[in-house]
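Residue numbers (this note's numbering), protein chains in the order written: chain A, 4 to 117; chain B, 39 to 155. Backbone N, C-alpha and C define an ideal beta-carbon position, used for all residues, glycine too.
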């Protein structure tokens, strides 16, 4: 069975500072990995995904994530936080097989201070 | 183009009532997923359809939960005899048919927030 652990349920950063959200997964083989963002009262929006191509993945809104197989990690970063980045972020995995469900982490809520 | 839509957006039910939650996926999307998101937690998988076929219902918490997609487009999640622990946001997602090389992205609707009193 797969699982996802997101360290820190809440993260507070200053505007302009680095955003770092941690995600570790447990899987017998490297899965597909995703980061989603959820704004209040909205559905989840895909930020980026890892599907066995480049280990450094660039996404929307200036976010990127690096897949590290040896550490079973897929941490999300953004060099400079913006007020609009305040939201909840979810890491998710799915096995490399057609039609499989996403397994999500517990989420990390980001607060951006002016 | 239109995204995934869900209705109603909010539903309040008395314990013991039956509820039906609707999902309209993106036109042409073959795969449809339902997830349950409890307050302060990540979404958890409930069930998956490919066209009208329900291929995975391993996440349904009890036999009070039932989902259908009779014509391979709109889907309904039905909860019978609702309990307080059913209170959550129910998310629907759709995706194109998966290709062999890349993973089909799941597009999520805004969810239905169910409150059982």
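First through last residue of the beta strand (DSSP E) which encompasses residue 113 of chain B: Numbered from its first residue, the second chain carries residue 113 of chain B at position 75. Looking at the DSSP string, the run of the beta strand (DSSP E) that includes residue 113 of chain B is 113-117.
Any C-beta of chain A under 8 Å from that of residue 149 of chain B: Taking the second chain and counting its residues from 1, one reaches residue 149 of chain B at position 111. Interface flag for residue 149 of chain B against chain A is set, since a Cβ pair is found closer than 8 Å.
Three-state class that DSSP yields for residue 138 of chain B in the structure shown: As a position in the second chain, residue 138 of chain B is number 100, starting the count at 1. Here the model assigns residue 138 of chain B a pLDDT of 45, short of 50, so the residue's position is not dependable, and the following value carries that caveat. Secondary structure of residue 138 of chain B (DSSP, three-state): coil.
Selection of the region 53-69 of chain A by Cβ proximity to chain B, strictly under 8 Å: Per Cβ criterion, the list reads 54.
CA-to-CA distance, residue 67 of chain A to residue 110 of chain A, given in whole angstroms: Within the first chain, the letter at position 107 stands for residue 110 of chain A. Within the first chain, the letter at position 64 stands for residue 67 of chain A. Between residue 110 of chain A and residue 67 of chain A, the C-alpha separation is close to 17 Å.
Reduced DSSP secondary structure (H/G/I, E/B, other) of residue 49 of chain B: Against the second chain, residue 49 of chain B aligns to sequence position 11. Note: residue 49 of chain B maps to strand in three-state DSSP.
Listed by chain order, chain B residues near residue 44 of chain A by CB distance under 9 Å: Here residue 44 of chain A corresponds to residue number 41 of the first chain, with the count starting at 1. Neighbours of residue 44 of chain A on chain B, chain order: 47, 148, 149, 151.
Reference residue 37 of chain A, options A:46, A:30, A:43, A:26, closest by Cα: Within the first chain, residue 37 of chain A is the residue found at index 34, counting from 1. Ranking A:46, A:30, A:43, A:26 by Cα distance to residue 37 of chain A puts A:26 first.
Host beta strand (DSSP E) of residue 101 of chain B (start-end): The sequence position of residue 101 of chain B within the second chain is 63, counting from 1. It is not in any beta strand (DSSP E) - residue 101 of chain B carries neither H nor E in the DSSP assignment.
Bridge-paired residues (DSSP) for residue 112 of chain A: Within the first chain, numbered from 1, the residue matching residue 112 of chain A stands at position 109. Paired residues: A:13, A:91.
Endpoints, beta strand (DSSP E) assigned at residue 71 of chain B: As a first step, residue 71 of chain B must be located in the second chain, where it is residue number 33. In the DSSP assignment, residue 71 of chain B falls within the unbroken beta strand (DSSP E) covering 69-75.
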